[in-house]
């Protein structure tokens with residue numbers, strides 16, 4: 005499945021051992037997306053819209069590679085009243101619109117409870133909020149456990165790290 009990105013991300017200066025650098029820090033080579041929305045500014049992937057009514061639906065920037073089990077790392081920040089995220093184990097579904105994706109998302113949202121949550125875009129919606137561990141049994145029953153500690157507000161105008169680990173059917177957002 006392609007890895008699908010929808011946020012403002014900065015490139016790591018060097019790929020670490022065992023990691024593949026997906027973004028070259030210069031341009032969107034290897035990516036597909038609406039050029040009116042996505043660009044590179046100061047070495048960062050940048051998404052910009054023109055107000056809440058500008059997009060009739062979510063349009064993603066799509067990495068043209070594939071990933072199976074992986075650990076993904078990036079830095080992000082938001083400006084203004086925005087909502088973004090990192091799609092993964094998702095599929096590009098042109099029948100729903102240009103650059104539309106269906107699948108898992110690590111959400112990036114101004115509400116602290118939502119930033120980092122596991123969201124199923126065009127599917128089941130919120131699967132796990134920030135600060136929760138969710139296990140779905142073989143019978144489909146969902147068990148939610150609150151993790152230790154309080155979910156603290158984030159200043160999303162500052163840079164934050166995001167790590168996504170996907171191994172088999174185990175998905176972890178940090």
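Numbering (this note's numbering), first residue to last: 5 to 178.
Virtual Cβ for every residue (Gly too), placed ideally from N, Cα, C.
(Q) Short of 6 Å in beta carbon distance, which residues of its chain neighbour residue 17, apart from the five on each side in sequence? Order them along the chain. (A) Note that residue 17 scores a pLDDT of 44, beneath 50, so its modelled location is shaky; the value from the coordinates is reported in the next line. Result list for residue 17: empty, nothing under 6 Å.
Q | Rounded straight-line distance, which links the Cα of residue 139 to that of residue 6 | A | Its pLDDT being 41, under 50, residue 6 is placed unreliably by the model, and nothing is read from it.
Q) Straight-line CA distance for residue 176 to residue 92? A) When rounded, the distance between both Cα atoms is 12 Å.
**Q.** Sequence ranges, beta strand (DSSP E) only - wholly within the segment 19-80, length at least 3
**A.** Taking 3 residues as the minimum length, the beta strand (DSSP E) runs contained wholly in the segment 19-80 are 42-45, 48-51, 65-67, 74-80, in order along the chain.
Q. Assuming residue 65 and residue 119 make a contact with CB atoms under 8 Å, what is their CB distance in whole Å?
A. In this structure, residue 65 and residue 119 do not form a Cβ contact; the two beta carbons are roughly 19 Å apart against a cut-off of 8 Å.
Q: Tell whether a beta-carbon distance below 8 Å holds between residue 222 and residue 114.
A: Only positions 5 to 178 of the chain appear in the structure, and residue 222 is not among them; the question remains open.
Q | Length of the line joining the Cα atoms of residue 97 and residue 131 | A | Distance between the alpha carbons of residue 97 and residue 131 is about 21 Å.
Q) Just how far apart, CA to CA, sit residue 135 and residue 149? A) Each residue's CA atom was taken as its position, placing residue 135 and residue 149 some 9 Å apart.
Q. Do residue 59 and residue 51 come within 8 Å of each other at the CB atom, strictly closer than that value?
A. At the C-beta level, residue 51 and residue 59 stay beyond 8 Å of one another.
**Q.** Simplified DSSP assignment, three categories, for residue 136
**A.** Here residue 136 sits in strand by DSSP.
Q. Is it a yes or a no for the segment 25-35 touching the segment 67-84, going by three-plus beta-carbon pairs under 8 Å?
A. Verdict: yes, contact present.
**Q.** Boundaries (first-last residue) of the beta strand (DSSP E) holding residue 125
**A.** Boundaries of the beta strand (DSSP E) harbouring residue 125: 122-125, taken from the DSSP string.
Q. Can the beta-carbon of residue 125 be found closer than 8 Å to that of residue 99?
A. Judged by beta-carbon spacing, residue 99 lies beyond the 8 Å limit of residue 125, meaning their Cβ atoms are not closer than that value.
Q. How long is the line joining the alpha carbons of residue 155 and residue 117, rounded to whole angstroms?
A. Straight-line spacing of the CA atoms in residue 155 and residue 117 works out to 7 Å.
Q. Nearest to residue 74 by CA position, among 102, 123, 178, 169, is which residue?
A. Among 102, 123, 178, 169, the Cα nearest to that of residue 74 belongs to 169.
**Q.** Per-residue burial, residue 38 [other beta carbons within 10 Å of its own, 16 or more giving buried]
**A.** Residue 38 is exposed by the Cβ-count criterion.
Q.
Relative to the C-alpha of residue 36, which candidate in 164, 67, 171 has its C-alpha closest?
A. Distance from the Cα of residue 36 is smallest, within the candidate group 164, 67, 171, for 67.
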